[in-house]
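What follows is a set of notes on a single structure, which appears directly below.
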Amino acid sequence: MPLPVKLSAFLVANQLDIKGIKTFLDIKPLADSSSELYYHFGNGKYQYYFNYGVVVFAGYNEDEMKWAIKTIAGFQKSPSLNWLRDDHELQCEEGRSDIAFDFDRVVLGRLDDRVIRIAMFNLAQSVALDYYHGVGETLLTEVKGFANQLELTGKLKISRNNMMRFIGKALNTQNEIAENIYIFDAPDLVWDDEYLDKLHQGLMKHFDLRVRFSEIEYTLRIIEDNLSVFREIINQRESSLLEYIIIVLILVEVFDLLITKILKLAG
Numbered sequence: 064m065p066l067p068v069k070l071s072a073f074l075v076a077n078q079l080d081i082k083g084i085k086t087f088l089d090i091k092p093l094a095d096s097s098s099e100l101y102y103h104f105g106n107g108k109y110q111y112y113f114n115y116g117v118v119v120f121a122g123y124n125e126d127e128m129k130w131a132i133k134t135i136a137g138f139q140k141s142p143s144l145n146w147l148r149d150d151h152e153l154q155c156e157e158g159r160s161d162i163a164f165d166f167d168r169v170v171l172g173r174l175d176d177r178v179i180r181i182a183m184f185n186l187a188q189s190v191a192l193d194y195y196h197g198v199g200e201t202l203l204t205e206v207k208g209f210a211n212q213l214e215l216t217g218k219l220k221i222s223r224n225n226m227m228r229f230i231g232k233a234l235n236t237q238n239e240i241a242e243n244i245y246i247f248d249a250p251d252l253v254w255d256d257e258y259l260d261k262l263h264q265g266l267m268k269h270f271d272l273r274v275r276f277s278e279i280e281y282t283l284r285i286i287e288d289n290l291s292v293f294r295e296i297i298n299q300r301e302s303s304l305l306e307y308i309i310i311v312l313i314l315v316e317v318f319d320l321l322i323t324k325i326l327k328l329a330g
């Protein structure tokens, strides 16, 4: 029985410069687009780069993977200090017709460039979902802090500028997820290959990609609903402040007129 192929996915940055990496490596990829690069370096070694900051390796040892990531440091935008990682194995059993999905291993009867690519693609999506889950939870924790302020003090202790920055952060997170997570868009190569489609669908289910994606969406909807309330409170607060300023200015004008009249009468 052939040895299993180890897959390792790392989220190393907020974004990768795909065009720059393609120029730097200077070898023809098996597949490429504006958002991804897929390479075979021989001897069962593959590298898959995604513009949302994930690199996936197949057939590499630990030192080789760390070295490869360091060589593309110049093409990492907002690099992560703590890499997110996920590992999986592909085990080929010749003559096997079905596909078995174990906890950290897939057992199948076919293992080629296309099969490895589909497995790496889904592992990359899984790591990206881990990242966005963490971002969503962090935003939700901050929102809960604002809600606790309202409950305890009846006030929202945050400036309009800081609130708008927070809203911008939440919106950017939603946009990044929409751009980078392809849960509902199968890779093109599965359309004309039933086996690849079966593998792709099985891996999506195995990694709970749809469920995890829905959980992140739900978290972001809660955040969005809360931010709408907070934004309304800040708008009302600023509106009330403007009203007070206008009242004060009117009073100043009235006092000025009264003082002027009194001085005229006294003169």
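Here the sequence shown stands for residues 64 to 330, numbered as in our numbering.
The C-beta atom is built at its ideal place from N, Cα and C for all residues, glycine as well.
Unbroken alpha helix (DSSP H) stretches of 4 residues or longer found wholly inside the stretch 81 to 125: 81 to 88, given in chain order.
The criterion of a C-beta distance shorter than 8 angstroms is not satisfied by Ile286 and Arg223. According to the DSSP secondary-structure assignment, Leu79 is paired through a beta bridge with Gln139.
Per DSSP, reduced to three states, the secondary structure at Leu70 is strand. DSSP, reduced to helix, strand and coil, places Asp161 outside both helices and strands of the structure shown, so it counts as coil. When secondary structure is reduced to three states using DSSP, Trp254 falls in the coil class, being assigned neither helix nor strand.
Arg173 carries a coil assignment under DSSP once its states are collapsed to helix, strand and coil. In this structure, Tyr112 keeps its C-beta atom at 8 angstroms or more from the C-beta atom of Leu93. When the five nearest sequence neighbours on each side are left out, the beta carbons in the same chain lying within less than 6 angstroms of the beta carbon of Val190 are those of Ala72, Leu74, Val117, Leu147 and Asp149, in order along the chain.
8 angstroms or more divides the Cβ of Ile244 from the Cβ of Arg294. By the Cβ neighbour-count rule, Val274 is exposed, with fewer than 16 other Cβ atoms within 10 Å of its own. Shown here, Glu152 sits in a strand according to DSSP, grouped into three states.
Across the structure, Glu157 and Asp255 are spaced so that their CA atoms are roughly 22 angstroms apart. For Leu219, the three-state secondary structure derived from DSSP is coil. Taking each of Arg168, Ile135 and Glu205 in turn and checking the Cα distance to Ile84, the smallest one comes out for Ile135.
For Thr204, the closest alpha carbon among the candidates Leu290, Ile325 and Asp260 is that of Leu290.
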